[in-house]
Amino acid sequence: MIMPAPLRNFVLKFLSLFFLFYLPAFIKADEILLENYLTDIEIANTFEERKNGLMNRAELKPNAGMFFIWDKKKIQCMWMKNTSLELNIAFISNQGEILEIFDMIPFSVESICSSRKVKYALEVNKNWFKENSINVGDKINLSFINDQ
0 MIMPAPLRNF VLKFLSLFFL FYLPAFIKAD EILLENYLTD IEIANTFEER
50 KNGLMNRAEL KPNAGMFFIW DKKKIQCMWM KNTSLELNIA FISNQGEILE
100 IFDMIPFSVE SICSSRKVKY ALEVNKNWFK ENSINVGDKI NLSFINDQ
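FYI, in numbering that gives the first Met the number 0 the residues of the sequence shown are 0 to 147.
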């Protein structure tokens with residue numbers, strides 16, 4: 000069945016507008032800008048800051064996180080000693096790729112280690128990655144580190 004020209008033109012225009020306005024919402028950008036998701040990013044780039052992490056905190060704001068930076072990439076381990084917050088941690092390569100995301104258990108002294116060498120990690124409230132559709136394999140834009 001051949002569609003009449005006016006109807007065909009309407010359908011083509013409708014589909015063009017649909018793809019123009021709605022398709023970009025389903026396509027992820029090449030890199031994630033954390034600043035677009037987190038209103039407060041604490042940087043932990045000294046031994047003392049990394050050691051203390053989010054210990055002894057009563058809360059972590061919904062769109063806040065701590066970004067850990069090590070001097071060189073290696074297998075990194077984290078624990079939850081003196082940390083009552085329910086958190087997720089992402090281990091991140093030196094190119095910004097999220098390699099793993101783990102649930103952290105409050106007050107646990109069991110180490111959660113990256114399975115590969117990493118230079119960065121991001122700790123956020125539990126389910127933050129899921130709620131923001133950020134997954135293993137996604138790439139974080141690391142330019143904000145240079146602003147520190």
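For every residue, glycine included, the Cβ atom is placed at its ideal position computed from N, Cα and C.
Residue i - partner residues in DSSP beta bridges
{"i": "residue 124", "result": "86"}
{"i": "residue 73", "result": "117"}
{"i": "residue 42", "result": "66"}
{"i": "residue 102", "result": "87"}
{"i": "residue 96", "result": "138"}
Nonlocal neighbours in the same chain, by C-beta distance under 6 Å from residue i, ignoring five residues either side
{"i": "residue 89", "result": "97, 100, 121"}
{"i": "residue 93", "result": "72, 118"}
{"i": "residue 128", "result": "87, 100"}
{"i": "residue 103", "result": "79, 86, 88"}
{"i": "residue 41", "result": "65"}
{"i": "residue 1", "result": "none"}
Within 9 Å, strictly: CB atoms of residue i and residue j
{"i": "residue 140", "j": "residue 31", "result": "yes"}
{"i": "residue 114", "j": "residue 77", "result": "no"}
{"i": "residue 33", "j": "residue 58", "result": "no"}
{"i": "residue 12", "j": "residue 74", "result": "no"}
Close-in-space but distant-in-sequence residues of the same chain around residue i (CB under 8 Å, 5 per side omitted)
{"i": "residue 39", "result": "60, 62, 63, 64"}
{"i": "residue 106", "result": "79, 80, 81, 82, 83"}
{"i": "residue 37", "result": "62, 63, 64, 123"}
{"i": "residue 137", "result": "27, 31, 96, 97"}
{"i": "residue 131", "result": "36"}
{"i": "residue 8", "result": "none"}
{"i": "residue 53", "result": "59, 65, 82, 84, 86, 122"}
{"i": "residue 56", "result": "82, 83, 84"}
{"i": "residue 29", "result": "138"}
Cβ-based neighbour list, residue i, same chain, cut-off 7 Å, excluding 5 preceding and 5 following
{"i": "residue 108", "result": "78, 80"}
{"i": "residue 144", "result": "68"}
Closer than 8 Å: residue i CB and nearest the ligand FMN heavy atom
{"i": "residue 123", "result": "Absence of the ligand FMN is noted for the structure shown, with no ligands found whatsoever."}
Specify whether the stretch 59-78 and the stretch 40-49 touch according to this definition: at least 3 beta carbon pairs, one from each stretch, less than 8 Å apart. Between the stretch 59-78 and the stretch 40-49, the count of C-beta pairs closer than 8 Å reaches three or more; the two stretches touch.
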